[in-house]
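Heads up: the structure comes next, in structure tokens.
In the working numbering, the protein residues as written are 2 to 330.
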């Protein structure tokens with residue numbers, strides 16, 4: 002694979018969060034890859050902060066005795082897969098050499114961005130002490146698309162995450178939209194968007210979970226995931242993007258969706274796959290409400306695999322939809 006990088010002086014500064022360049026240069030980035038090592042091993046303190054943001058009481062994340070019995074140590078929520086790879090915005094040795102995602106380093110017109118969707122397959126748990134490595138590859142850059150947000154390009158990347166033993170932890174696909182906001186209100190023919198997610202059915206099988214979205218929760222979310230994109234903590238920037246207020250990030254949804262499933266399935270459950278599509282920002286002042294149903298069940302190698310489809314709603318509509326496959330013994 003070809004490797005190409007730009008040095009990003011400070012990814013927390015929106016003025017350099019994404020690299021600008023002509024669209025034809027972005028096209029040449031397909032198949033480029035980068036390799037990043039997480040700045041710190043998986044650790045219990047960061048897990049606790051993350052779980053506090055999504056109010057996840059799963060004993061595998063909090064209770065060392067219970068977690069050791071099942072996994073040998075406290076484990077990380079699967080929703081933290083990408084969190085562990087986020088670089089610190091500053092260290093004594095200088096600013097980070099790379100953005101949190103290679104997709105941000107692809108030269109394209111427009112510096113504004115929003116994540117569209119993810120599709121992640123998990124192979125094993127992340128234990129406290131694991132040192133994770135991220136090998137990310139750009140797999141697609143769309144032609145220019147006009148959406149309700151403006152004109153831009155969808156960038157798709159695929160990341161293999163391994164631990165210190167070389168074991169594959171997960172394969173993660175991410176689709177984000179790099180765009181320049183304008184007044185256009187006419188789409189030009191489709192959305193290559195991310196992994197397909199089936200519309201969530203009406204509530205029926207899993208308990209409904211509600212959660213208020215406050216400014217404090219948005220700030221905690223940004224801090225505990227080290228995702229300092231300004232739309233998550235800066236009201237002026239969020240308003241300039243067209244959002245009603247600061248809003249939750251992708252990694253919050255990862256954890257929240259997983260929590261809906263594992264609250265129901267229990268602490269022995271293992272999230273095998275999660276496909277998430279974000280539709281409308283969940284902003285400060287909203288209340289999240291879930292609806293979820295079982296759409297499939299089968300026995301494989303002594304485990305029961307259950308397919309769940311769900312939606313996360315706010316008063317203004319669906320914020321996200323997801324399909325999750327969970328394994329139980």
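Where a beta carbon is used, it is the ideal one built from N, C-alpha and C, also for glycine.
Check: Cα separation between residue 222 and residue 25?; Outcome: 35 Å
Check: Taking the beta strand (DSSP E) that residue 169 belongs to, which residues open and close that run?; Outcome: 169-182
Check: For residue 285 and residue 217, what's the separation of their Cα atoms in angstroms?; Outcome: 9 Å
Check: Using 8 Å as the Cβ pair cut-off and three pairs as the minimum, do the segment 205-215 and the segment 224-243 touch?; Outcome: no
Check: Run the CB neighbour count on residue 47, radius 10 Å, all protein chains shown included, and call it buried at 16 or more, exposed below.; Outcome: buried
Check: Can you round the beta-carbon distance between residue 99 and residue 147 to whole angstroms, since I take them to be within the 8 Å contact cut?; Outcome: Not quite, the Cβ-Cβ distance comes to about 30 Å (not below 8 Å), so this is no contact.
Check: Is the CB-CB distance between residue 134 and residue 158 below 9 Å?; Outcome: no
Check: By how many angstroms is the C-alpha of residue 265 removed from the C-alpha of residue 390?; Outcome: The shown model of the chain, from 2 to 330, leaves out residue 390, and the question about it has no answer.
Check: Whose C-alpha, out of 325, 90, 107, 114, is nearest the C-alpha of residue 229?; Outcome: 90
Check: Hey, quick one: how far does the beta strand (DSSP E) through residue 114 stretch, first residue to last?; Outcome: 113-123
Check: Considering just the uninterrupted stretch of the alpha helix (DSSP H) at residue 222, what are its terminal residues?; Outcome: 216-226
Check: Could you give the distance in angstroms between the alpha-carbon of residue 302 and the alpha-carbon of residue 290?; Outcome: 34 Å
Check: Assign residue 282 to one of two classes, buried (16 or more other C-beta atoms within 10 Å of its C-beta) or exposed (fewer than that).; Outcome: buried
Check: Report yes if the C-beta distance between residue 168 and residue 125 is below 9 Å; otherwise report no.; Outcome: yes
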